[in-house]
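Note sheet for the following structure.
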Amino acid sequence: MTTASFLANLKDKKVILGSNSPRRKELLGGLEVDFEVRVNPVDETVPADIPAEFVAAYLSKLKAENFPALQDNEILITADTVVIHEGKILGKPNSDQEAFEMIKSLSGSTHLVMTAVTIMDRLKRITLEDEAKVTFRFLEEEEIWHYIKKYQPFDKAGAYGIQEWIGFIGVSAIEGSYFTVMGFPQHLVYQQLKKW
1 MTTASFLANL
11 KDKKVILGSN
21 SPRRKELLGG
31 LEVDFEVRVN
41 PVDETVPADI
51 PAEFVAAYLS
61 KLKAENFPAL
71 QDNEILITAD
81 TVVIHEGKIL
91 GKPNSDQEAF
101 EMIKSLSGST
111 HLVMTAVTIM
121 DRLKRITLED
131 EAKVTFRFLE
141 EEEIWHYIKK
151 YQPFDKAGAY
161 GIQEWIGFIG
171 VSAIEGSYFT
181 VMGFPQHLVY
191 QQLKKW
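Take the sequence shown: its letter number 103 is residue 103 in full-length UniProt numbering, and every next letter is one higher.
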């Protein structure tokens, strides 16, 4: 892939995506940006006193701040997504049962998805935040179990991917960007990279 003329200012830059997420790779690639993936695992423990709506930004910045030193021509992009329902963060499930309980709690209701993206080079750092509200229709238990067994959503906040079967059959409304729910608000990233 080649850098689009809209982002010609990046032609001498090396863009690094600090995420192994297949969704983020796909979405950054959709901006026609040349990039490579480099992941530096960090402890994502969040201090108890941070409100739920600030957690995505906190983790996105944490991933950037703990990344190995960048070269002069490198730009790093890190991101984090949280699902918030009834004031509580629904993280990545550790078991089938936990995934079931998460999705069942979202069934027939509206929840908030927040994604933060940090863009950083050696001289500056900026964190972008976006949110979307997602409404699920009432899901039958058999539908939830089918999704968990077939799609194994253990790498997804809130135990679901909107771009998968459960999103196709269950999401009745979105207020905000679909791509923010997927985990990468392309429209914000694109505008920022144009100015970088």
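We put the CB at the ideal spot given by N, CA and C, even for glycine.
Note that the structure is predicted; figures quoted are calculated from it, not measured.
- Within the segment 35 to 84, the complete beta strand (DSSP E) segments at least 3 residues long are 35 to 37, listed from N- to C-terminus.
- Taking the Cα positions, Val33 is about 37 Å away from Ala48.
- A buried status is given to Gly158, since no fewer than 16 other beta-carbon atoms sit within 10 Å of its beta-carbon.
- For Glu36, same chain residues with a beta-carbon under 8 Å away, outside a window of 5 residues either side, are Lys14, Val15, Ile16 and Leu17 in chain order.
- Runs of the alpha helix (DSSP H) lying entirely within the segment 93 to 181, each at least 4 residues long, are 96 to 106, 141 to 151 and 165 to 170 in chain order.
- Taking a C-beta distance under 9 Å as the contact criterion, Leu139 and Ile103 qualify as a contact pair.
- Distance from the CA atom of Gln191 to the CA atom of Pro22, rounded to whole angstroms, is 22 Å.
- In the DSSP assignment, Lys88 forms a beta bridge with His85.
- Our two residues, Lys150 and Gln97, have alpha carbons roughly 14 Å apart in a direct line.
- By the criterion of a C-beta distance shorter than 7 Å, Ser177 is surrounded in its chain by Asp130, Ala132, Pro185 and His187, once the five residues flanking it on both sides are discounted.
- DSSP places Lys194 within a helical segment (H, G or I) once states are collapsed to three.
- Among the bridge pairs identified by DSSP, Val33 is matched with none.
- One thing to note: Val181 has its Cβ no nearer than 9 Å to the Cβ of Leu28.
- Within the DSSP secondary-structure output, Lys14 pairs in a beta bridge with Glu74.
- Gly91 has its alpha-carbon roughly 9 Å from the corresponding atom of Thr81.
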